[in-house]
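What follows is one structure encoded as structure tokens, with my remarks underneath.
Residue numbers (UniProt numbering): 1 to 422.
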């Protein structure tokens, strides 16, 4: 009997078996007169009941992960995928790579934040020359008088220049300028103070975008219900152009002087600072914590009766792109370079308040500021702490009915000097 052998190629078997664990190559041995082979399709056909014998031999299949399909999607071909080609990376590889990328980004961000927090600005000495002086009998001629609604919700009537002069609420001599609260109007007068007491708020006609401010303050206002402040801001674009509070306190002023910045978002003082005052909070954003701002508190003797009895102080504010710093010098400790007209902050030692520009763009947050001095009555800050103030009754009753309570509520200034870098 004549026999014919037909061998099925391994790759053909793989296509039909879909990669079995063990691949068998089968050899069919049939009588030649009972065998029919279709050469086009390689299919073997035999007649029924034809004797046949099957011999098997085990062969290892190609690795599953090395299989590729041809363009028709039906013929797997063994090949080695290059590890460096992203086209062949598995989902697990992509997951690990994404996780690693996130970790790297976090590490870089944390490192940048830590570096920023440890940085400190360059406060190298600048040469300053005198630009503006506010002093003498013409002191108030360089200011506008704010009238109308008080944005701080005070129980106060700010009067215009003419009325302030008539009521003796502002006056100047060759050596001093005084701004005070009305102490004449009582409950029986007409008009009385039942809707608020007369006071003054002045704003310099000239505006500034930086500089060195030397402010001679001889007397600070204090009284139950009083909220005085000496500050810088753009009153027509607040809070966009920021606010710099130089001297501020409430009621009797026993807590000391508060120095504070108020800004829009993106200005923080959670960085290295060099100051003698106590930081209250770091976020300067006015929308946080009811416009508390980023304040620095001075000790008790920096404001009120104790300061006044010592002749007041000279306050210096250096406002530059590197940051904003404030000093407060006792009357008997004013640096000689200030009295000589050649101020040099580099020699003044540690500031009372330091607001570095490390995490706050000073130039974009503080612009077009006027010098402002005012004495508000009651208002948001006073109302918020009245219960702990030790003051009698309510703030509004006190303001309306007790004019004598405000005899100590006045500012007295020697002069204001503004220097600019040359």
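The beta carbon of each residue, even a glycine, is placed where N, CA and C say it ideally should be.
Limits of the alpha helix (DSSP H) - the one that residue i falls within
i	result
residue 334	From DSSP, residue 334 is part of no alpha helix (DSSP H); its letter is neither H nor E.
residue 165	161 to 166
residue 400	395 to 401
Close Cβ partners of residue i (< 6 Å) along its chain, the five nearest in sequence each way excluded
i	result
residue 353	259, 275, 277, 296 and 326
residue 206	none
residue 286	239 and 262
residue 362	321
residue 248	229 and 258
residue 334	314
residue 161	145
Where residue i sits in the DSSP three-state scheme
i	result
residue 136	helix
residue 121	coil
residue 184	coil
residue 106	helix
residue 200	coil
residue 347	helix
residue 143	strand
residue 87	helix
residue 372	strand
residue 262	strand
residue 233	strand
residue 268	strand
residue 152	coil
residue 176	coil
residue 299	coil
residue 99	helix
residue 406	helix
residue 360	coil
residue 252	coil
residue 169	coil
residue 384	helix
Separation of residue j from residue i, as counted between CA atoms
i	j	result
residue 407	residue 415	22 Å
residue 91	residue 109	27 Å
residue 423	residue 243	The question about residue 423 has no answer, for the chain in this structure spans 1 to 422.
residue 143	residue 344	28 Å
residue 369	residue 235	8 Å
residue 138	residue 222	26 Å
residue 301	residue 99	56 Å
residue 323	residue 193	42 Å
residue 311	residue 331	6 Å
residue 305	residue 298	15 Å
residue 233	residue 292	16 Å
residue 254	residue 303	7 Å
residue 208	residue 374	19 Å
residue 173	residue 133	15 Å
residue 131	residue 339	16 Å
residue 211	residue 252	31 Å
residue 365	residue 420	19 Å
residue 257	residue 313	12 Å
residue 358	residue 279	16 Å
residue 150	residue 103	51 Å
residue 382	residue 106	44 Å
residue 96	residue 89	11 Å
residue 213	residue 282	24 Å
residue 328	residue 191	40 Å
residue 118	residue 245	26 Å
residue 204	residue 140	9 Å
residue 126	residue 422	8 Å
Span of the beta strand (DSSP E) around residue i
i	result
residue 158	156 to 158
residue 310	Premise fails: residue 310 is in no beta strand (DSSP E) and is neither H nor E.
Residues that residue i bridges to, as DSSP identifies them
i	result
residue 327	316
residue 281	DSSP output for residue 281 lists no bridge partner at all.
residue 219	412
residue 129	420
residue 355	324
residue 423	It is not possible to answer for residue 423, since the shown part of the chain is limited to 1 through 422.
residue 214	316 and 417
residue 245	231 and 260
residue 294	261
Cβ shell of residue i (< 8 Å), same chain only, five flanking positions each side left out
i	result
residue 501	This structure cannot speak to residue 501, because the chain is shown only from 1 to 422.
residue 148	158
residue 350	274, 275 and 276
residue 197	155, 156, 157, 181, 182, 185, 377, 399, 400, 403 and 406
residue 165	171
Contact test: residue i Cβ vs the ligand ZN heavy atom, cutoff 7 Å
i	result
residue 272	Ligands are entirely absent from the displayed structure, and the ligand ZN is therefore not among its contents.
C-beta neighbour in chain C for residue i, strict 8 Å
i	result
residue 421	The chain inventory of the structure shown lacks chain C, comprising one protein chain alone.
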